[in-house]
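Participant: Be aware that the sequence shown starts at 1, since it is given in the working numbering, and climbs by one per residue. Glycine residues also receive a C-beta, built at the ideal position from the N, C-alpha and C atoms.
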Amino acid sequence: MDAKASGAVMEETPRVPTGDRAARKRLAIVRAARTAFVRDGFKVGMDTIAAEAGVSKVTVYNHFGNKDALFLAVIGDALEEALGAAVEGTAARLQDIDDLRTALVWTAEAWVKGMIRPDVMALRHLVVNETMRFPELGLAWKRSGPDRVRPALLDTFERLIAEGRLDMPDVEVAIIQFYSLVLYPHLIHSAYGVGLPQETTTALSETGVDMFLTYYKYRPAQDTP
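(1) In angstroms with no decimal places, state the Cα-to-Cα distance between residue 212 and residue 119.
(2) Taking residue 97 as part of the alpha helix (DSSP H), name the residues at either end of that continuous run.
(3) Under the three-state reduction of DSSP, which class applies to residue 191: helix, strand or coil?
(4) Can you look up residue 12 in the DSSP assignment and give me helix, strand or coil?
(5) Identify which residue in 38, 27 and 71 has its Cα closest to the Cα of residue 54.
(6) Considering only residues of the same chain and omitting the five flanking positions on each side of residue 175, which have a CB-CB separation below 8 Å?
(7) Smallest Cα separation from residue 61: which of 197, 202, 30 and 126?
(8) Between which two residues does the alpha helix (DSSP H) containing residue 210 stretch?
(9) Counting along the chain, where does the alpha helix (DSSP H) carrying residue 142 start and finish?
(10) Are residue 123 and residue 37 closer than 8 Å when you measure CB to CB?
(11) Measure the alpha-carbon distance for residue 247 versus residue 208 and round it to whole angstroms.
(12) DSSP three-state label for residue 66, please.
(13) Here's the rule I'm using: 16 or more other beta-carbon atoms within 10 Å means buried, otherwise exposed. How should residue 90 be labelled?
(14) What would DSSP say about residue 56, mapped onto helix, strand or coil?
(15) Using a Cβ-Cβ cutoff of less than 8 Å, which residues in the same chain neighbour residue 185 once the five nearest sequence positions on both sides are dropped?
(16) At which residues does the alpha helix (DSSP H) containing residue 168 begin and terminate?
(17) By Cβ distance below 8 Å, which residues in the same chain neighbour residue 10 in space, the five residues on each side in sequence not counted?
(18) Confirm, please, whether the CB-CB distance from residue 76 to residue 140 is below 8 Å.
(19) For residue 101, I'd like the list of residues in its chain whose CB is within less than 7 Å of its CB, leaving aside the five on either flank, ordered along the chain.
(20) Would you mind sorting residue 201 into buried or exposed? The rule is 16 or more other CB atoms within 10 Å of its CB.
(21) With a Cβ-Cβ cutoff of 8 Å, do residue 59 and residue 50 count as a contact?
(22) Just to confirm, is the Cβ distance from residue 134 to residue 47 under 8 Å?
(23) Determine, using beta carbons only, whether residue 103 and residue 86 come nearer to each other than 8 Å.
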């Protein structure tokens with residue numbers, strides 16, 4: 001195999017550094033990249049990111065290969081930081097389906113709190129702007145964001161349907177409607193650079209859940225024949 005062919009193979013299958021020291025460097029790169037992407041947009045250079053992470057540009061490429069892969073890692077890290085506790089809390093609270101309203105209101109408020117963080121909203125806008133060029137960004141955002149709470153909601157709604165406590169013919173549509181009531185208004189307003197006041201956020205969460213449960217005829221356990 002000639003040197004050129006060998007180089008192509010090495011580029012396609014880079015050896016990602018491992019070990020504790022490498023993990024610390026990787027985290028430093030991701031955190032520096034998040035700051036740089038939010039501040040400068042996707043046009044920011046890898047040399048800038050490397051300098052702000054305190055590593056060489058070669059180290060950045062050794063860990064991520066290219067800017068697209070680094071941005072995917074930034075998305076995953078940012079959404080885990082913003083939503084990890086909300087995802088875990090939702091799953092725990094939805095185990096008590098006798099208090100579904102409280103669980104869903106908590107979920108709505110925790111989800112909104114994580115998603116409207118300025119750095120998360122800035123990353124979301126970058127994803128929207130770059131999705132036409134790089135469709136995987138949108139899929140990564142969906143997997144790391146909205147899709148993470150879906151299994152807990154799906155399981156809870158299906159259990160309640162089986163118990164005769166919800167009239168919900170299409171669970172997938174219902175989950176989208178739930179997001180639409182409690183989260184999407186914030187995303188729409190953020191596109192105009194406008195945040196909603198806390199009292200509006202609380203009202204959207206509480207009345208949104210009430211509308212959702214009323215429409216799907218939720219019945220507490222004691223009201224079920």
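Facilitator: By the coordinates alone:
(1) 30 Å
(2) Careful: residue 97 lies outside any alpha helix (DSSP H) and carries neither H nor E.
(3) coil
(4) Residue placement at residue 12 is flagged as unreliable, the pLDDT there being 45, under the threshold of 50; a coordinate-derived value is accordingly withheld.
(5) 27
(6) 150, 153, 154 and 157
(7) 30
(8) 198-215
(9) 136-144
(10) yes
(11) Residue 247 lies beyond the range of the chain shown here (1 to 225); nothing can be said about it.
(12) coil
(13) buried
(14) coil
(15) 196 and 204
(16) From DSSP, residue 168 is part of no alpha helix (DSSP H); its letter is neither H nor E.
(17) Residue placement at residue 10 cannot be trusted, given a pLDDT of 35 that sits under 50; what the coordinates show is reported in the next sentence. Cβ within range, chain order: n/a, list empty.
(18) yes
(19) 209 and 213
(20) buried
(21) yes
(22) no
(23) no
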